[in-house]
Every structure is written in C-alpha cells, then in structure tokens.
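Participant:
There are 4 protein chains.
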Amino acid sequence: MTTWHDMLREKRQETILEAAAQIIARKGYQRATMKEIADAAGIAPGTIYLYFSDKEDLLLSIAEQLVALMPQEVPRAATPAETRRFVQSVLRQQLGLVAEYRPFFEAITAEMWTNETLRTNYLGRVITPILGIIESFLHKGIEAGRVRSLDPQIVSRAMVGTIFLFAMISDTSAEDYLRSPRVEQLIEELTDFFLYGLKQTPDTEVSPA
Amino acid sequence: MTTWHDMLREKRQETILEAAAQIIARKGYQRATMKEIADAAGIAPGTIYLYFSDKEDLLLSIAEQLVALMPQEVPRAATPAETRRFVQSVLRQQLGLVAEYRPFFEAITAEMWTNETLRTNYLGRVITPILGIIESFLHKGIEAGRVRSLDPQIVSRAMVGTIFLFAMISDTSAEDYLRSPRVEQLIEELTDFFLYGLKQTPDTEVSPA
Amino acid sequence: MTTWHDMLREKRQETILEAAAQIIARKGYQRATMKEIADAAGIAPGTIYLYFSDKEDLLLSIAEQLVALMPQEVPRAATPAETRRFVQSVLRQQLGLVAEYRPFFEAITAEMWTNETLRTNYLGRVITPILGIIESFLHKGIEAGRVRSLDPQIVSRAMVGTIFLFAMISDTSAEDYLRSPRVEQLIEELTDFFLYGLKQTPDTEVSPA
Amino acid sequence: MTTWHDMLREKRQETILEAAAQIIARKGYQRATMKEIADAAGIAPGTIYLYFSDKEDLLLSIAEQLVALMPQEVPRAATPAETRRFVQSVLRQQLGLVAEYRPFFEAITAEMWTNETLRTNYLGRVITPILGIIESFLHKGIEAGRVRSLDPQIVSRAMVGTIFLFAMISDTSAEDYLRSPRVEQLIEELTDFFLYGLKQTPDTEVSPA
DNA sequence: GATGAATGAGTGTTCATTCAT
DNA sequence: CATGAATGAACACTCATTCAT
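Residue numbers (the working numbering), protein chains in the order written: chain A, 53 to 261; chain B, 53 to 261; chain C, 53 to 261; chain D, 53 to 261.
(1) First and last residue of the alpha helix (DSSP H) that includes Q74 of chain D?
(2) Out of B:P155, B:L190, B:D228, state which residue places its alpha-carbon closest to the alpha-carbon of M211 of chain B.
(3) Taking the straight line between their C-alpha atoms, what separation do you get for A93 of chain B and A120 of chain D?
(4) Can you name, in chain order, every residue of its own chain whose Cβ lies under 7 Å from the Cβ of P260 of chain A, other than the five neighbours on each side?
(5) Does W165 of chain D pass the burial test, meaning 16 or more other C-beta atoms within 10 Å, or should it be called exposed?
(6) Nearest CA to the CA of V142 of chain D: which residue from D:K251, D:L238, D:K79, D:L250?
(7) Step through the CB atoms of chain B and report whether any lies within less than 8 Å of the CB of K107 of chain A.
(8) Given R234 of chain A, which residues of its chain have a CB within under 8 Å of its CB, disregarding the five upstream and five downstream residues?
(9) Using alpha carbons as the reference points, say which of B:R136, B:P97, B:Q65, B:L170 lies closest to G249 of chain A.
(10) Whose C-alpha, out of C:D109, C:G197, C:I215, is nearest the C-alpha of A72 of chain C?
(11) Judging by CA-CA distance, which residue of C:I160, C:E187, C:K79 is the nearest neighbour of T169 of chain D?
(12) Buried or exposed: which applies to V258 of chain B, given that a residue is buried once 16 or more other Cβ atoms fall within 10 Å of its Cβ?
(13) With a threshold of 8 Å between beta carbons, is L118 of chain B in contact with chain A?
(14) What does a CB cutoff of less than 7 Å around Q205 of chain D pick up in its chain, not counting 5 residues either side in sequence?
(15) Check the Cβ of P207 of chain C against every Cβ in chain D and list those closer than 8 Å, keeping chain order.
(16) Run through the segment 163-226 of chain B for me and flag every whole alpha helix (DSSP H) of 4 or more residues, listed as ranges in chain order.
(17) Leaving out five residues before and five after Q74 of chain D in sequence, what residues of the same chain have Cβ atoms less than 7 Å from its Cβ?
(18) Within 10 angstroms of its Cβ, does E125 of chain D collect 16 or more other Cβ (buried), or is it exposed?
(19) Check whether chain C comes within 8 Å of R83 of chain D, counting only Cβ atoms and requiring the distance to be less than that.
(20) Among A:L217, A:A196, A:D203, which has the Cα closest to the Cα of R209 of chain B?
(21) In the DSSP assignment, what are the bridge partners of K251 of chain D?
(22) Closer than 8 Å, CB to CB, is E195 of chain D near chain C or not?
(23) Quick check on this structure: which residue in D:F245, D:M86, D:E152, D:L202 has the alpha carbon closest to the alpha carbon of Q117 of chain D?
(24) Check this for me: beta carbons of Q146 of chain A and I215 of chain A, under 8 Å apart or not?
(25) Given that E158 of chain A touches chain B, what residues does it touch there, using C-beta distances under 9 Å?
(26) Thinking C-beta only, is E241 of chain D closer than 8 Å to L69 of chain C?
(27) Establish whether the CB of T169 of chain A and some CB of chain B are separated by less than 8 Å.
(28) Looking only at its own chain, which residues have a Cβ that is under 6 Å from the Cβ of F104 of chain D, when we skip the five neighbours before and after it?
(29) Near I76 of chain C, what residues of its chain come up, given a Cβ to Cβ distance below 6 Å and the 5 sequence neighbours on each side ignored?
(30) Among B:G213, B:L230, B:G197, B:V150, which one has its Cα closest to the Cα of L183 of chain B?
(31) E257 of chain B by DSSP, collapsed to three states: which one?
(32) Taking the C-alpha atoms as reference points, what is the distance between A219 of chain A and V150 of chain A?
(33) According to DSSP, is P97 of chain A helix, strand or coil?
(34) Which word fits K251 of chain A, buried or exposed, when buried means at least 16 other C-beta atoms lie within 10 angstroms of its C-beta?
(35) Please confirm whether I100 of chain C and A115 of chain C have their CB atoms less than 8 Å apart.
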C-alpha cells in the first residue's frame with residue numbers, strides 16, 4: 053500500500069485546490085494566473101500539472117469539492133412543527149456551507165454563467181439536489197395538508213434564490229449577514245417569512261418558536 | 053443641427069452594444085474577443101474604438117444601459133388589496149425587464165463577481181434602488197399594520213434573490229420561466245408565496261385574486 | 053492658366069508641410085499621426101492625401117524643402133582676412149538656417165538614422181554640398197598658403213559636426229545658443245577656435261577682427 | 053550561491069541586448085519589432101519579457117550600457133606636450149568606444165531626438181560628463197596659460213560635435229573613418245586641427261609630435 | 001475638392017503549458 | 001518528483017489609408 057504516499061499526494065492536491073479557489077474567487081477564473089495560484093500554494097507552476105491536467109481541471113475540481121460537500125439529506129418533517137424545523141435546517145445547512153467554503157462557492161458562482169461544462173455540473177450536482185430535497189418535502193407537505201398548495205418547483209427556487217443572494221452579497225458588500233450571530237437572526241427572519249409570508253392576518257400564529 | 057448624423061451614431065452605438073452584450077453574455081467578458089463582437093455587429097474591429105474607448109468601456113456601457121432602464125417608481129399600495137398589487141408589480145416589472153434585456157443582464161451578472169468597479173456600479177445603481185423601493189414599501193406596510201413585522205432589509209433581499217435566480221436559470225437551463233404565459237403563472241405563484249408563506253393555516257385567504 | 057488655382061494649392065501644401073514638420077520634429081516620424089498633422093494644419097486627414105501620396109512622401113518633402121533652402125554659394129575668400137569671413141559666413145548661414153527652419157531640420161535629423169532613402173537624400177543633397185563648399189575653400193586656401201596643410205575632408209566634417217551639435221542641443225536642452233545675441237558670440241568663439249586652435253603660442257594673433 | 057545560474061542569466065540578457073541594439077540601430081526603435089529582436093537573439097518573443105519589462109526597458113537598458121561604458125577619467129595634462137596628449141586621448145577613447153559599441157550608440161542616437169526620457173538620460177549621463185571633463189581641462193589650461201582664452205563650454209561642444217559626426221557618418225556612409233588604420237590618421241588630423249586651427253601663421257609650430 | 005467614418009493589417013504583451021535539469 | 005525558464009499562440013488596440021457623401 054502506498055497509503056502514506058497517497059495521503060501526501062491528496063494533501064498536496066487539497067492545498068492547491070484551496071489556493072486556486074482563493075485566487076479564482078478573488079480575481080475570477082480568467083484573471084487568475086497559474087503562477088499566482090502556485091505562489092499561493094507555495095509551489096512551482098509546473099507542479100500544478102502533476103496534480104491537475106490543466107487550468108480548467110482546477111476549476112472543475114473546485115466544483116467537484118462542492119459537490120462532495122452537499123448533504124444528501126435534510127431532517128424529515130412529519131409534524132407541523134417540523135415544517136419550521138425543515139426550513140430552518142435547509143437555511144442553516146446551506147448558509148453554513150457557504151460561509152465555510154466561501155472561496156469555493158464564489159469561484160464557481162462567478163464562472164458558471166459563461167462556462168457550459170461548469171454550469172451543467174454545478175447546477176446539476178449541487179443546486180438541483182437541493183431543489184429536489186425541498187421540492188420533495190413540499191410535495192409531501194402539500195399532500196399531508198401541512199403546506200399550502202403552491203407549485204413546489206417555483207417555491208423551491210425562490211428559497212434557493214434567497215440563499216444564493218445572501219451568500220453572494222455577504223462577501224461582496226459590507227453587509228455580512230453570514231457572520232454569527234447575525235446569521236441566526238437571518239435564519240429566523242427568513243423562516244418566518246417563508247412560513248407565513250408578508251401579510252398580516254388576524255389569526256396567523258407568528259413565530260411560535 | 054446634426055440630428056440625423058447624431059442619430060446614426062447613436063444607432064451604431066446601440067448595435068455594437070447589443071452585439072457586445074450578446075457575445076459577452078454567452079462567453080463571458082474575458083473570453084469575448086473584440087473581433088467576435090465586431091463580427092456580430094457587422095463591422096470591423098477598429099470601428100468599435102470609434103464608439104467606445106476600450107473593452108472595459110464596452111462592459112461599463114452595458115451596465116450603464118441597465119442603470120438607465122431601472123424604474124424609479126413602483127405603484128404605491130394603500131389598501132390591503134394593493135399589497136398584492138405591489139408585489140405583483142415588482143415581480144412583473146423586474147422579470148419583464150430581465151426577459152427583454154436578458155443579454156445585458158447576463159453579461160453584467162457574469163462579470164460582476166470579480167470586477168470591483170462593475171459590482172459597485174451594478175449593485176449600487178441597479179440592485180440597491182430596487183431593494184430601497186421594496187424596503188420602503190414594507191416599512192410603511194408594517195407601520196400601517198398591513199404587513200407583518202418582518203425585517204424589511206432581509207425580506208427585500210429574499211424577494212430580489214428570487215427574481216435574480218429565476219432570471220438566471222431562465223436562460224441557462226431548459227426551464228424558461230420567463231416566456232409568457234409561464235411568466236404570468238410564475239408571478240401568481242410567487243406573489244402567493246410571498247404574501248402568505250408556506251404554511252397552511254385554517255383561515256388564510258388564498259389568492260383572492 | 054490656373055495660376056491662381058496653383059498658388060492656392062501650393063499654399064495648402066506648405067501649410068501641411070509646416071504642420072507635419074512641427075509634429076514630426078516633436079514626436080518623431082513614427083509617433084506622429086496623420087490625424088495630428090491634419091489637426092495642426094486645420095484640415096481633415098483625408099485631405100493630406102490630395103497633396104501627398106502617403107506619410108513617407110510627407111517626410112521626403114520636408115527633406116526636399118531643406119534641400120531647396122541650401123545655399124549653393126558662400127563668399128569666396130581671397131585674402132587672409134577673408135578666411136575669417138568665410139568661416140563666419142558658413143557658421144552664420146548654417147546656424148541661421150537651422151534656427152529659422154528648426155522643425156524641418158529636427159524632423160529630418162531624428163529620422164535619417166534609420167531611413168535609408170531619407171539619409172541618402174539628406175546627406176547627399178544637404179550635407180555633402182556644404183562639405184563640398186568647405187572642402188573646396190580649404191583646398192584653395194592650402195594651395196594659396198593661407199591655410200595650413202590639413203586634410204580638407206576631415207576638417208570640413210569637424211566644422212559641420214560642430215554646427216550639427218549646436219543645432220541639436222539648442223532646442224533639446226536649456227542651452228539655447230541660437231537665440232541672438234548669443235548666436236553672435238557663438239560664431240565669434242567658434243571662428244576663433246577654428247582659425248587658431250586651442251594652443252597658446254607666443255605670437256598667435258588673436259581675433260584681429 | 054547561484055553564481056553559475058546568475059551568470060547564465062546575465063549572459064542571456066547581454067545576448068538580447070545586443071540583438072536589440074543591432075535591430076534598433078538598423079530599423080529604429082519604433083520599426084523594430086519584438087519578434088525581430090527575439091529572432092535575432094535566437095529566442096522566442098515571450099522570453100524577452102523574462103529579462104526586460106517591456107520594449108522601452110530594452111531601449112533604456114541599451115542606454116544604460118552606454119552610461120556604464122563611459123570613462124570617468126582622462127589623463128591629466130600638466131605640460132604643454134600633454135595638451136596634445138589630452139586631446140588625443142579624448143578622441144581615441146571616444147572614437148574607440150563608438151567603434152566597438154556602434155549598434156548601441158546608433159540605437160540611442162536615432163531615438164534620442166524624440167524621446168524625452170532617453171534624451172535626458174543619454175545627454176545627462178553620457179554626453180555631459182565628457183563635456184565636463186573637457187571643459188575642466190580647458191579651464192585649467194587657460195588658467196595655466198597653456199590654452200588660449202576660449203569659452204570652454206563652446207569649444208568642448210565643438211569637439212564633441214566633431215566626434216559625434218564622425219561616429220555617425222562612419223557607419224551610415226561609405227566613409228568609414230573608424231576602421232583602423234584610418235582612425236589613427238583621423239585622430240592625428242583632428243588633434244592638429246584642434247590645437248592649431250586652420251590658419252597658417254609664420255611661426256606656428258606644426259605637429260611637434 | 002474636402003471630409004471623416006470605416007477599415008483591417010500589424011504589434012506589444014500575457015500566460016497556460018512543456019520539459020530539460 | 002519538483003522546478004521554473006522557455007515557449008508561442010492569442011488578443012486588445014492603433015493608425016495609415018480609402019472612399020462614399
């Protein structure tokens with residue numbers, strides 16, 4: 053077994069990937085140079101090619117990392133109270149991931165618009181699964197009468213869109229919603245909004261915790 | 053008056069800008085070459101420089117176009133029924149703009165993540181005003197007791213995030229939500245979601261049209 | 053006779069040539085643009101081509117102007133006193149020409165080093181004639197015993213080199229030797245130097261005017 | 053110690069600089085292309101940029117080479133006979149330098165007329181020091197009564213102008229005065245001319261060797 | 001004749017990638 | 001394995017020249 057050897061190799065790969073994500077997130081894929089990435093990783097440019105086939109591979113590997121991170125499950129919700137818990141879980145999980153792996157998300161987000169391969173991968177393997185989890189939950193909720201009869205496809209996208217926007221503005225603007233304890237307030241407000249909407253109705257139960 | 057001459061010049065500028073937006077939206081700012089843009093506009097590369105100082109100017113001018121498009125006003129809402137109308141107006145207006153000027157939005161969106169100048173301009177002059185309009189509406193609604201006591205900053209961002217996501221996936225995926233009549237259904241569903249949330253409550257009035 | 057017409061045409065040619073010399077002298081032939089020259093001449097770029105075949109032609113025409121200016125004669129010197137007058141005449145004539153047509157000289161001087169055609173023309177038709185006049189004078193002077201037995205080719209070049217250097221530094225540096233009354237002092241000193249050299253000898257007659 | 057490595061690097065730099073001087077001397081700075089220079093140096097265009105920041109740097113480095121070459125001293129002259137030796141030394145030294153590094157001189161000479169930076173550097177660091185040495189010598193000579201009372205500023209410029217002209221025509225024309233043994237004759241004649249001038253005087257001691 | 005908008009060939013420079021050490 | 005010097009294709013931009021008006 054070259055276990056020891058393999059671990060070293062994997063460690064080095066990770067170092068490079070982190071450096072790449074950092075640089076690409078900041079400057080964009082096109083503007084990031086292999087030299088810069090190598091410098092940030094503390095190695096020579098040529099060495100990158102011993103671990104990745106080319107620059108594009110670096111980008112796709114960053115996306116792959118995100119894919120690997122994505123949770124396959126979210127706590128099921130069976131009772132009405134769990135609808136709230138589900139929404140909170142999704143928000144907390146996703147916003148938490150973004151906060152932790154921000155350079156990776158940013159690197160991919162910035163590039164996906166104009167890179168077919170990347171978009172397919174990212175949307176298909178990162179976004180779509182989340183949408184699927186949410187949609188699936190909504191379906192069951194609607195069937196069980198716990199959720200109003202809304203189009204799950206549309207509502208799931210609205211929720212992901214919200215997460216997406218907060219993820220993005222948190223870094224690019226001064227409004228850092230993802231730094232705790234702000235993130236907890238954010239989750240609370242969004243949950244409330246998603247559950248009960250804008251409208252004041254006489255008997256809506258507001259945030260029953 | 054060289055009105056005729058000026059119009060010709062403006063027309064040409066527009067042609068170039070449209071071609072540039074098209075190409076940049078598809079390939080990204082960095083990958084788009086001046087030659088390609090010139091070809092798409094049906095002119096020689098050098099001609100672009102008679103109308104724009106450089107490639108960057110082309111990009112900023114695309115952003116400027118978007119800025120110019122942004123509406124300064126949205127119908128005020130005074131009565132409960134108008135809360136619905138306001139949400140619908142915002143959605144219809146924004147989704148409509150995106151649908152019509154999609155290449156412009158896409159070109160800027162793709163580049164803004166890694167371009168400080170552009171981001172400042174775009175966020176500050178296109179996104180922030182919309183957020184402001186929504187926030188202001190929510191404030192008044194809350195004061196008037198028409199809207200539940202939610203954080204306007206957060207809710208406005210959730211709504212814009214939703215719009216943003218539909219705008220983006222509409223072109224890049226097979227799911228074209230913005231082509232009528234689907235867009236009308238989308239607006240209806242989102243309005244409903246935003247107004248009343250997910251939760252089924254015994255006496256929530258659902259979509260009273 | 054299109055005399056009137058021809059004069060107009062010639063006048064316009066001259067205007068363009070002066071503008072060209074001005075710009076080219078300042079920025080160099082390569083850096084000078086046809087647009088700049090046209091602007092300086094108060095016409096449109098295209099118009100230049102009605103008077104000159106191309107940019108190179110402009111340069112060669114400037115050289116041609118200098119050729120036309122060159123005097124064919126310099127006062128003969130027969131008596132000893134006239135040796136001084138000859139040297140003074142050459143200096144005054146050449147330095148005067150340079151002072152008056154400086155842009156033309158500068159434009160050509162800057163470009164001749166790297167332009168075969170120009171160099172051939174300029175050296176052959178402007179410099180060589182002057183050298184010839186001086187050489188011829190020296191020959192006769194030597195034969196007549198008025199001038200020491202020096203190599204006329206070499207001495208004539210030394211004199212022209214001196215003129216050349218003063219012509220050039222007069223504009224480029226702060227040392228403007230060509231502005232009167234300094235030029236008169238310059239001529240006087242140079243004449244003295246050329247006639248009697250550096251060396252203090254007991255009975256050398258110094259500047260007997 | 054990367055001494056060996058450093059030497060290789062320096063050698064490569066020199067090769068590029070020589071190629072650049074060659075090409076620029078022949079075609080002029082503007083007309084010389086980086087591709088041509090690279091070809092002449094036997095490398096790829098991109099490689100030049102590993103040694104020089106840009107084309108301008110190449111030109112300034114050529115000038116810098118000349119600056120480095122300039123002698124700081126010339127033999128002092130104390131006795132009358134040494135006046136002759138001083139003049140000869142200056143001529144021999146300067147003409148020798150030019151002959152050896154002609155491409156460097158030509159490249160700079162051709163460009164300096166229209167390049168402010170270059171002119172300042174070249175005149176200030178190459179020409180002015182020589183003028184200073186000559187002027188200083190003349191001053192002392194005049195004080196000591198060995199040299200006639202001439203304006204040192206003017207005479208030094210006349211001498212440098214002479215050197216300048218021979219340097220230039222030697223390559224550009226068919227008259228190659230700088231190839232030995234002609235250069236020795238040139239030095240002899242010029243020394244004689246500078247020391248005693250044109251005028252035949254009854255008792256001037258001619259070239260006492 | 002005069003114009004100046006349009007052209008498109010030409011060039012400096014960057015940077016992903018290779019490969020001799 | 002790691003290096004980093006060398007490569008050369010690619011691209012933004014300039015400007016002499018043309019020609020429809």
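In this text, a Cβ means the ideal position worked out from N, Cα and C, and glycines have one as well.
Predicted, not measured: the structure shown is a model, and the values here were computed from it.
Facilitator: Working from what's here:
(1) 55-79
(2) B:L190
(3) 54 Å
(4) Its pLDDT being 41, under 50, P260 of chain A is placed unreliably by the model, and nothing is read from it.
(5) buried
(6) D:L238
(7) no
(8) D228
(9) B:R136
(10) C:D109
(11) C:K79
(12) Legend: pLDDT at V258 of chain B = 42, less than 50; position of this residue unreliable, value from coordinates given subsequently. Exposed is the call here.
(13) no
(14) E187
(15) Reading off the sequence, residue 207 of chain C comes out as Val, not Pro. Residues of chain D passing the Cβ test: E241, F245, L250.
(16) 168-174, 180-196, 204-224
(17) A92, P155
(18) exposed
(19) yes
(20) A:L217
(21) C:V199
(22) no
(23) D:E152
(24) yes
(25) W165, T166
(26) no
(27) no
(28) L110
(29) A84, A159
(30) B:G213
(31) Reliability fails at E257 of chain B, whose pLDDT of 42 lies under 50, so the model's placement of it is uncertain and no value is given.
(32) 6 Å
(33) helix
(34) buried
(35) no
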